[in-house]
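K.L.:
Right, I'll just put the structure down here and ask away after.
Residue numbers (this note's numbering): 222 to 1152.
Put into structure tokens, the structure is as follows:
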């Protein structure tokens, strides 16, 4: 499902821009044709919704040009039209960071215009008319570009969205050769251009000065025949063809006052393929094309409301849509296109807020903000989406604003009745605040809009919906798309683009061509991995990469007898629990599980469990404690884990009564037994890793749910050759620098523990780092890797460049999809499929791995980017090692999407950030207690 944060802000800006562009007349007249700044009044609010605290200050009188009476109960901006937000109000508006509904302090941030805010439009305000053109000459043909004088890059300090992290030794080739050669398709379309095609950047000045961006765009648009296809954001002009002169002067008449405006266009340089603006150009062009298809922008992606699917039994709709991204790949520029869906709930925001008020009583306002702030809402009357920034409990639909067009105050209720023929039923409801920026002025300022909850529908899914199997199953019937269906939908999307005349015109103006077929890529399928059990017995992982059935005839490779353990169980579940444990004792051939000591409790409350745990652990030191719950309860789970991970360190297993009644209880009992064995020091299977002295480290990060701005990073490092024993550490951090410091400390501890066990330092250290966003790669490459090398150089007594370390960034949330052709039938690729060409990045040493076999939907590969490599493994060995590590997550008898140490780290970080919110006791650091 498509989701995201901070997305509606850009969309709201675009809406405001469109309103201004199509409105005739100078700014004064335009303000009259829309809703102006608010400074009205409202009647006293009913106690039902009224805030218990003093109301926030309204906009200052300077923002409206009129005095604001201190007796006014509520001031609010007009619906759908921004007014300037005052500093005081900005300080009270929550800004999105971290989890939904958690505000952060506001800061005064300058809103800067991106290089390409919007595409040029042919819509010209009426105040503009055609004018004479100075030095009018035909643009130079693109074929002459090669013969022209070279132009330096427009900005040498441009930071590309992706820095070059490719290690020097793999500049020539990063491709492996092992495995069976196959040909796949990927969800990419090539974008073709002439070999000499180039983008030219110009700086544009207006004399006399014109601050209004929309007027600047209109004045320049009068010369579209001279410029051809272009993009202009008010300052920078982008052209596909170079103008005949480096300095070109044009002239336009500003009709509002009859002044002739001189437009001076100066060549700034060319945009290189690595420049951020180069790729930004393509993505803006594609967004314009998507808008031509009558798709609606929701957040960052476009959706098709006409093709919506109604799920009546659960009261929501699914809007199909597309995620598109254009980037430079190995040899070609390509557009990645993925099918996505957006949940549009039929529930009104007012209903949600009313339910919260009923559940939380006097604390409903805080609970309401926590639930509602951050939600993207859809307003049916104009089919637009907005992101809720705050709730004003002082304002109501009876609050008024000044309708400048008629120079009178009007209430929101009257406005909706007159404009949309909508009667607002609940006039005492509070108002929602959304915020945007007016990008039609160079000094764009934050603005705010007010929305009526009764007229807003929530989008996206809630945690309650995620936990409802019936809802998720109904959703999956439409969102879990098979490989064959996905390819068909992608081809239909491509046909829609080619069938829309406006899209064809846009591409022709820019001398570009979107290919009609999905890109074809070479790939390899690695040999089946051998999984080893007791007595050196090995079996193939199988075509489905699943070896669950192997436990019926094979024992664990490293069992640990469970002889001293305790079961805490509610009295009513005692008989079922005993039966389940008897099944567990017979489930594995070579795992000895003795009868436990049973402790009965009357109920499964958190207090009952923690009291018994304290009573037991204050006198005994069992190997493991098993706690039985009636059903899943987050509060009880957290209480037990805090007691067993922090206060009284002991491995702990929690099961629910559902396990006792499941028809597949034998399989469940087997998996629980394996899990318990891992928690006390054993491990069930292994794979051949023919590298002596290898330490593999996995790292992942999770946000703490209790404290905003606090994250927990978990590091898990292997301690033996078979990669069955691990050292685990977790620490909190609030900045990237602190994360790096804590990671280095934990890596040093892991190396020390490795040396204690093996009497030698690791000969090779490979770090798999998850939890890295695109914007963090530069910090990782330029700081984190360097700091780790410098620290390890002290241990190894060598130079930093000689440290035997590789650093690999892991990305599992991708829009990339791969498709195989099985005798004319489109299907998912086999597990073990490697892709290291065509769709990879030329500035990276990267590759994709398909590790899993799925029965429904389309498989998604995992991306690996090696940003540092000094361990002497060629691409083949690095790819094979990575794939084998995906077989060694002991909580699942099959492959996982990431190497096992990363999956262990993810599990540990999740436990700490969601349940215990503190660093676990160090006595557990050599056990997989978090499985």
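Just so it is clear, CB atoms sit at the ideal spot from N, CA and C, and this is done for glycine as well.
With a threshold of 16 other CB atoms inside 10 Å of the CB of residue 1149, please say whether the residue is buried or exposed.
P.N.:
Residue 1149 is buried by the Cβ-count criterion.
K.L.:
Going by other Cβ atoms of all chains shown within 10 Å of its Cβ, with 16 needed for buried, is residue 1086 buried or exposed?
P.N.:
Buried.
K.L.:
Is DSSP giving residue 436 helix, strand or coil here?
P.N.:
Reduced to three states, the DSSP call for residue 436 is helix.
K.L.:
With residue 1140 and residue 952 assumed to form a contact (beta carbons below 8 Å), what rounded beta-carbon distance in angstroms separates them?
P.N.:
The Cβ separation is near 6 Å, so the contact holds.
K.L.:
Between the alpha carbons of residue 411 and residue 1081, how many angstroms are there, rounded?
P.N.:
Distance between the alpha carbons of residue 411 and residue 1081: 20 Å.
K.L.:
Would residue 621 pass as a contact of residue 611 if the rule is Cβ separation under 7 Å?
P.N.:
Their beta carbons are not under 7 Å apart, which means residue 621 does not touch residue 611 by this criterion.
K.L.:
Looking at the strands, I want to know which residues DSSP matches up with residue 928.
P.N.:
DSSP output for residue 928 lists no bridge partner at all.
K.L.:
Is it buried or exposed, residue 1030, if we count other Cβ atoms within 10 angstroms and call 16 or more buried?
P.N.:
When all chains shown are included, residue 1030 counts as buried.
K.L.:
If I measure Cβ to Cβ from residue 927 and keep anything under 8 Å in the same chain, skipping five residues before and after, which residues do I get?
P.N.:
Excluding residues within five positions, the ones whose Cβ falls inside 8 Å are 1138.
K.L.:
Along the beta strand (DSSP E) that carries residue 565, what are the first and last residues, could you check?
P.N.:
Run containing residue 565: 554-569, per the beta strand (DSSP E) assignment.
K.L.:
Please work out which residues of its chain come closer than 7 Å, Cβ to Cβ, to residue 782, disregarding the five sequence neighbours upstream and downstream, and give them in chain order.
P.N.:
Closer than 7 Å at Cβ, skipping near neighbours: 813.
K.L.:
So for residue 1122, helix, strand or coil by DSSP?
P.N.:
Helix, per DSSP.
K.L.:
Checking 7 Å against the spacing of the C-beta atoms, do residue 563 and residue 524 come in under that value?
P.N.:
Cβ atoms of residue 563 and residue 524: closer than 7 Å.
K.L.:
Taking contact to mean 3 or more Cβ pairs, one atom from each stretch, closer than 8 Å, check whether the region 384-391 and the region 995-1004 are in contact.
P.N.:
Touching, yes.
K.L.:
Go through the region 478-503 residue by residue and report every complete run of the beta strand (DSSP E) that reaches 3 residues or more, in order.
P.N.:
The region 478-503 contains these whole beta strand (DSSP E) runs: 480-492.
K.L.:
Check each candidate in 816, 779 and 824 and name the one with the smallest Cα separation from residue 790.
P.N.:
It is 824 whose Cα lies nearest to the Cα of residue 790.
K.L.:
Checking 7 Å against the spacing of the C-beta atoms, do residue 808 and residue 744 come in under that value?
P.N.:
Not closer than 7 Å, so no.
K.L.:
With C-beta atoms as the reference, is residue 1041 less than 7 Å away from residue 653?
P.N.:
Taking 7 Å as the Cβ cut-off, residue 1041 and residue 653 do not qualify as a contacting pair.
K.L.:
Our contact map puts residue 1128 next to residue 1152 with C-beta atoms below 8 Å; I'd like the distance itself, whole angstroms only.
P.N.:
The pair is a contact, with the Cβ atoms about 6 Å apart (cut-off 8 Å).
K.L.:
Looking at the strands, I want to know which residues DSSP matches up with residue 472.
P.N.:
In DSSP, residue 472 forms a bridge with 483.
K.L.:
Tell me the rounded alpha-carbon separation between residue 756 and residue 738.
P.N.:
Going from the Cα of residue 756 to the Cα of residue 738 covers about 52 Å.
K.L.:
Who are residue 751's beta bridge partners in DSSP?
P.N.:
DSSP, once it has assigned bridges, lists 761 as partnering residue 751.
K.L.:
Does the region 461-481 come within contact of the region 520-540, defined as at least 3 CB pairs closer than 8 Å?
P.N.:
Not touching, per the Cβ criterion.
K.L.:
Tell me, please, whether the region 443-460 touches the region 591-606 by the rule of three or more beta-carbon pairs shorter than 8 Å.
P.N.:
Cβ pair count under 8 Å is below three, so no.
K.L.:
Return the first residue and the last residue of the beta strand (DSSP E) that residue 1002 is part of.
P.N.:
That residue, residue 1002, is in no beta strand (DSSP E); it is neither H nor E in DSSP.
K.L.:
Looking at chain B, is there any beta carbon in it that lies within less than 7 Å of the beta carbon of residue 927?
P.N.:
In the displayed structure, chain B is absent; only one protein chain is listed.
K.L.:
Can the beta-carbon of residue 925 be found closer than 7 Å to that of residue 1143?
P.N.:
Cβ atoms of residue 925 and residue 1143: not closer than 7 Å.
K.L.:
Output the distance between the C-alpha atoms of residue 583 and residue 703, rounded to the nearest integer angstrom.
P.N.:
Cα to Cα, residue 583 sits roughly 49 Å from residue 703.
K.L.:
When the Cα atoms are used, what is the spatial distance from residue 788 to residue 901?
P.N.:
So the two alpha carbons sit approximately 15 Å from each other.
K.L.:
Pick from 772, 750 and 758: whose alpha carbon is nearest that of residue 765?
P.N.:
Among 772, 750 and 758, the Cα nearest to that of residue 765 is on 750.
K.L.:
Please state whether DSSP places residue 202 in a helix, a strand or coil.
P.N.:
No answer is possible for residue 202: it lies beyond the span of the chain, which begins at 222 and ends at 1152.
K.L.:
Who are the near neighbours of residue 574 in its chain, counting only those whose CB is closer than 7 Å to its CB and skipping five residues on each side?
P.N.:
Same-chain partners within the cutoff: 589, 593 and 674.
K.L.:
In whole angstroms, what separates the C-alpha of residue 904 from that of residue 894?
P.N.:
In a straight line, the C-alpha of residue 904 is about 11 Å away from that of residue 894.
K.L.:
Classify residue 842 as buried or exposed, calling it buried when 16 or more other Cβ atoms lie within 10 Å of its own Cβ.
P.N.:
The residue is exposed, with fewer than 16 neighbouring Cβ atoms inside 10 Å.
K.L.:
Can you tell me where the beta strand (DSSP E) holding residue 791 begins and where it ends?
P.N.:
Where residue 791 is concerned, the enclosing beta strand (DSSP E) stretches over 786-791.
K.L.:
For residue 1166, which three-state DSSP category applies?
P.N.:
Since the first residue shown for the chain is 222 and the last is 1152, residue 1166 is missing from the structure and cannot be characterised.
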